[in-house]
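Notes follow the structure.
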Amino acid sequence: MGESSFIMFGDMISCCEGNNIRNESKKKVFIIVYNQQALNDWQHQIPIMKDIMNLNPVLWLNPKLKNMNEIASLPLEGEDIKKAELLWQRFAPFLENEFPETADTKGMIESPLKRIDHMKEKYFSDMEGALYLKCDHALPIAGSIKARGGIYEVLQHAENLALEAGLVQKNDDYMKFSSKSFKSFFSQYSIGVGSTGNLGLSIGVISAKLGFNVSVYMSVDAKQWKKDLLRKKGAHVLEFQGDFSEAISAGREQTMADPKGYFVDDEDSENLFLGYSVAALRLKEQLYRENITVDADHPLFVYLPCGVGGSPGGITFGLKQVFGDHVHCFFAEPTHSPSVLIGLATREMDRVSVQDFGIDNRTEADGLAVGRPSRFATAISDQLVSGIYTIEDKELYRLLAMLADTEKIYLEPSATAGITGHRQIEPYVREHAIELSNATHIAWATGGSLVPEKDMEIFYNKGKRLI
Ligand SMILES: *Cc1c(COP(=O)(O)O)cnc(C)c1O
């Protein structure tokens with residue numbers, strides 16, 4: 002019976018296609034799907050849906066998880082990650098020249114891996130294995146994990162345009178991209194992106210630096226300081242009522258209206274995904290340098306905050322290529338924005354949004370406040386992610402203050418969601434008979450270093466009151 006409501010859903014989409022307004026059709030779909038009978042059917046078919054819809058924190062284990070040797074084919078392969086890494090290397094001289102903060106790493110955008118023993122001793126003393134933080138909050142240029150995907154996508158677009166125009170060859174010194182003539186070449190082209198904040202920040206900053214005419218379409222609840230910073234860096238900021246999906250729709254439409262426009266589509270981007278995936282190659286080296294083994298007796302658990310699923314999906318894809326079945330990746334979503342969880346659990350993927358299930362997509366974790374999952378990323382994560390857990394906003398704040406007190410590391414609320422991952426995995430570990438005594442746990446810290454001090458103080462005090 003649940004299915005019959007989705008036949009209506011399909012009909013509704015086609016009957017609305019004529020007016021060509023994505024938003025409109027989504028709203029109509031929303032009205033149709035949100036009927037109590039259909040929702041009851043979902044809860045009946047998939048019992049965890051009841052807790053998800055009641056906004057209770059849940060752990061969902063992925064019944065479609067496959068061993069690497071059982072996966073027939075994916076839209077991308079390991080070779081694609083290596084090609085993406087080569088693009089980063091070509092642009093390193095340009096990045097080093099334009100962004101002094103990347104001088105230490107010679108134009109590589111990378112973050113430290115840090116063992117957080119004080120946090121572990123104080124709050125998780127009973128956990129088995131070592132606890133690390135992957136410090137993407139400290140990534141240069143964008144201060145969030147979006148420095149990986151967003152900057153990569155704009156660089157590959159710039160390279161394509163320059164190659165087509167005969168301005169460069171791949172073995173040239175890409176310092177050329179810093180020249181006046183390149184910047185004036187790119188100024189005829191526009192780039193658009195819809196964003197809750199961090200993606201816009203990364204796209205806006207790198208695009209403006211290359212000379213593009215860049216517009217960032219933001220939801221009204223995007224943080225003011227992010228809008229201010231973007232305008233300062235030379236991006237246009239347009240604000241939209243409603244949530245992130247609506248900003249994306251508007252941005253997509255307006256950018257595509259320009260024949261020289263390029264839209265960075267967080268809801269369906271292969272390039273964002275590839276940019277994120279490179280993190281796996283870098284992490285492999287960092288683990289090697291730390292003498293951390295990853296094999297059957299030394300499992301690696303990685304906990305990734307999840308919005309549309311692009312960054313956690315890309316990193317999971319990369320890690321699975323590198324470590325195979327010895328790495329176990331979990332996504333973490335806010336209880337109010339479990340978009341990837343609902344997409345995977347119902348098998349409806351990006352055809353459903355959290356609002357279709359009466360969930361409001363209201364969370365303080367603006368980096369994760371996404372109602373509908375990425376089509377591209379979700380199709381791949383489907384076979385690779387071990388599970389997804391949801392977490393309440395107040396827990397995010399609590400973790401923020403706990404980490405600040407014990408490690409002097411300051412994250413934005415979205416970025417703390419991975420820190421409790423190791424507390425969630427017990428049923429999974431049991432089911433797969435995994436021995437944890439030699440495990441390495443990595444919580445992926447996804448953003449925070451650009452948050453103004455005043456805002457951070459408010460975050461911290463909020464968390465402190467909740468501990
Ligand atoms: C964007 C973002 C995420 C999640 O990435 P998705 O690709 O949207 O899943 C996590 N944390 C922060 C801070 C982010 O900005």
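Quick note on this note's numbering: the sequence shown kicks off at 2 and runs consecutively. Think of the CB as a built atom: it goes at the ideal place given N, C-alpha and C, for glycine as much as any other residue.
Distance cut-off 7 Å: isoleucine 249 Cβ against heavy atoms of ligand 1: no
Of the listed residues Leu202, Glu160, Ser382 and Thr364, nearest to phenylalanine 332 (C-alpha basis): Ser382
Segment contact flag, the stretch 206–218 with the stretch 231–251, C-beta cutoff 8 Å, min 3 pairs: yes
Segments of 3+ residues assigned as beta strand (DSSP E) that fall wholly inside the stretch 396–453: 441–446
Whether threonine 417 touches leucine 401 by CB criterion (8 Å): yes
Pair within 8 Å by beta-carbon distance, glycine 311 and leucine 273: yes
Local Cβ density within 10 Å of tyrosine 411, reported as buried at 16 or more and exposed below that: buried
Environment of arginine 283 [buried if 16+ CB atoms lie within 10 Å]: buried
Sequence-ordered residues whose beta carbon comes within less than 5 Å of a heavy atom of ligand 1: Ser145, Asn199, Pro306, Cys307, Gly308, Val309, Gly310, Gly311, Ser312, Gly368, Ser415, Ala416, Thr447 and Gly448
Of the listed residues Gly344, Val169, Thr407 and Gln356, nearest to arginine 376 (C-alpha basis): Gly344
Range covered by the alpha helix (DSSP H) that runs through histidine 119: 118–124
Pairwise C-alpha distance: aspartate 127 and valine 194: 44 Å
Stretch pair the stretch 355–364 + the stretch 177–196: three plus CB contacts closer than 8 Å: no
The beta strand (DSSP E) enclosing serine 145, as first and last residue numbers: Per DSSP, serine 145 belongs to no beta strand (DSSP E) and is neither H nor E.
Pairwise C-alpha distance: threonine 317 and asparagine 439: 21 Å
Buried versus exposed call for lysine 27 [16 or more other C-beta atoms within 10 Å across all chains shown]: Note that lysine 27 scores a pLDDT of 45, beneath 50, so its modelled location is shaky and nothing firm can be said.
Classification of lysine 409 by the beta-carbon crowding that lies within 10 angstroms, buried from 16 upward: exposed
Beta-bridge pairing of tyrosine 461 - partner residues as DSSP gives them: Answer by DSSP bridge pairing: none, since tyrosine 461 is not bridged.
CA-to-CA distance, glycine 151 to leucine 200, given in whole angstroms: 6 Å
Collapsed DSSP secondary structure at leucine 75 in the structure displayed: coil
Cα-Cα separation, tryptophan 89 to alanine 163: 16 Å
For phenylalanine 241 and valine 371, the rounded distance between their alpha carbons: 15 Å
Inter-residue Cα distance where the pair is valine 34 and glutamate 160: At valine 34 the pLDDT is 48, less than 50, meaning the model places this residue with poor confidence and gives no usable figure here.
Spatial distance of serine 415 from aspartate 367 (CA atoms): 7 Å
Tyrosine 190, DSSP secondary structure in three states: coil
Aspartate 456, DSSP secondary structure in three states: helix
Limits of the unbroken alpha helix (DSSP H) element including proline 313: 311–324
Per-residue burial, threonine 294 [other beta carbons within 10 Å of its own, 16 or more giving buried]: exposed
Rounded straight-line distance, which links the Cα of asparagine 462 to that of glycine 79: 44 Å
CB of histidine 285 within 8 Å of CB of valine 341, strictly: According to the sequence as given, residue 285 is lysine; it is not histidine. Going by C-beta atoms, lysine 285 is not nearer than 8 Å to valine 341.
Distance between glycine 449 and arginine 466 (C-alpha atoms, nearest Å): 20 Å
For histidine 138 and threonine 469, believed in contact at Cβ under 8 Å, the rounded distance: What the structure shows of the chain is the stretch from 2 to 468, and residue 469 is not part of that stretch, so it cannot be assessed.
Glycine 319 to proline 339 span [Cα, whole Å]: 23 Å
Spatial distance of alanine 405 from methionine 69 (CA atoms): 38 Å
Whole-number beta carbon distance between aspartate 296 and histidine 327, since they are thought to touch under 8 Å: 6 Å
Closest residue to lysine 84 among Lys455, Gly198 and Ser278 (Cα-Cα distance): Ser278
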